[in-house]
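Student: One structure coming up, written as structure tokens, with questions to follow.
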Amino acid sequence: MANKTLSQRADELEHEQLAKLIPAKSVIYTSGEEDPTQVNSFQLLRPGEHYLMGHDSRLKKMPDRPTLFDFFRLRFFAADHVLQSARLARSAGHPDKVVLACLLHDIAVMGFIRSDHGYWAAQMIAPYVDEEVAWAVRAHQVLRFFPDPSVGYEYPKAYIQLFGEGFRPEAYVVRAYEKMKSHKWYMTARLITLNDIYAFDPNVKIELGEFEDLVGRYFRQPSDGLGFDDSPSAHMWRTINWPTRAL
Ligand SMILES: [Fe+2]
Ligand SMILES: [Fe+2]
62 MANKTLSQRA DELEHEQLAK LIPAKSVIYT SGEEDPTQVN SFQLLRPGEH YLMGHDSRLK
122 KMPDRPTLFD FFRLRFFAAD HVLQSARLAR SAGHPDKVVL ACLLHDIAVM GFIRSDHGYW
182 AAQMIAPYVD EEVAWAVRAH QVLRFFPDPS VGYEYPKAYI QLFGEGFRPE AYVVRAYEKM
242 KSHKWYMTAR LITLNDIYAF DPNVKIELGE FEDLVGRYFR QPSDGLGFDD SPSAHMWRTI
302 NWPTRAL
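Numbered per my numbering, the sequence shown finishes at 308, counting up by one with no gaps.
Shown next, in the form of structure tokens:
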């Protein structure tokens with residue numbers, strides 16, 4: 062057998078190491094499909110194996126200093142929904158903060174966690190946007206369940222299909238609504254729900270570039286990149302970046 066050069070051997074070693082990094086699934090990824098008390102996300106390592114502690118090579122690689130739009134392009138699904146909501150709000154003549162709130166309102170569903178998505182998204186964006194925008198994103202999830210005839214907002218027919226005729230929001234949701242409806246920023250959140258279209262058009266393709274200027278002006282993009290800026294929500298962005306990191 063021919064002798065291998067040092068660099069060939071080094072390449073092989075690097076490849077072996079890459080092949081032996083084990084991605085770990087958090088319990089929440091399988092909870093529901095599996096009983097969470099029975100999930101063991103730590104599998105035993107065989108000799109030469111290590112847990113993955115960074116980028117998961119099955120995902121698209123994020124830049125070292127990722128921007129909001131990098132997350133849109135490389136981690137979020139179904140951006141059409143928020144892009145069309147933002148365009149609708151803009152064409153209705155609403156202020157930039159409403160357009161931005163519409164653009165960001167469902168990013169938790171799109172890339173992180175569905176349950177309580179308004180609350181999660183609001184925390185994700187809070188360090189980077191006007192307080193009113195984060196408040197409205199949090200409130201939209203609650204306000205979606207409650208009609209407001211004064212602006213022509215009805216309980217969504219889609220919710221009857223999605224959750225059934227008998228679904229009623231829990232007491233904590235009603236309590237949140239009671240507080241939100243008299244809040245000074247109520248209408249900002251209500252405008253998200255008004256522009257939150259379900260029957261969005263699959264044929265309309267909107268490029269992120271349409272909102273580049275808006276995001277540039279109102280989303281305080283950290284120079285170290287989302288996730289690496291030590292903000293109170295940096296860990297959430299890092300988790301979306303490398304969701305199978307062991308710790
Ligand atoms: Fe939503
Ligand atoms: Fe939405």
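From the three backbone atoms N, C-alpha and C, an ideal C-beta is built for every residue, glycine too. Remember, it's a predicted structure, so these values are computed and weren't measured experimentally.
When you compare only the Cα positions, how much space is there between Arg151 and Asp157?
Tutor: Taking the straight line joining both Cα atoms gives about 8 Å.
Student: In whole angstroms, what separates the C-alpha of Met62 from that of Ser68?
Tutor: At Met62, the pLDDT of 43 sits below 50, so the modelled position is not reliable; the number obtained from the coordinates is stated separately. Rounded to whole angstroms, Met62 to Ser68 spans 17 Å at the Cα level.
Student: How is Ala63 classed by DSSP in three states: helix, strand or coil?
Tutor: With a pLDDT of only 48 at Ala63, under the threshold of 50, the placement of this residue in the model should not be trusted; the figure read from the coordinates follows. If DSSP states are grouped into helix, strand and coil, Ala63 belongs with coil.
Student: Nearest to Asp257 by alpha carbon, out of Ser146, Thr91, Lys266, Phe137?
Tutor: Out of Ser146, Thr91, Lys266, Phe137, Ser146 has the C-alpha closest to the C-alpha of Asp257.
Student: Along the chain, where does the alpha helix (DSSP H) that runs through Thr98 open and close?
Tutor: No alpha helix (DSSP H) holds Thr98; DSSP gives it neither H nor E.
Student: Measuring CB to CB, does Asp141 end up less than 8 Å from Thr305?
Tutor: Going by C-beta atoms, Asp141 is not nearer than 8 Å to Thr305.
Student: Going by beta carbon distance, what residues of the same chain come within less than 6 Å of Ile174, once the five residues before and after it are set aside?
Tutor: Correct list, in chain order: Trp181.
Student: Alpha carbon to alpha carbon, what distance is there between Thr66 and Phe130?
Tutor: So the two alpha carbons sit approximately 43 Å from each other.
Student: Excluding the five sequence neighbours on either side, which residues of its own chain have a C-beta within less than 7 Å of the C-beta of His178, listed in chain order?
Tutor: So the qualifying residues of the chain are Asp167, Ala169, Val170, Gln202.
Student: Residue range of the alpha helix (DSSP H) that Asn302 falls in?
Tutor: Note, Asn302: alpha helix (DSSP H), 295-302.
Student: Just to check, is the beta-carbon of His155 closer than 7 Å to a non-hydrogen atom of ligand 2?
Tutor: Not under cutoff, so the answer is no.
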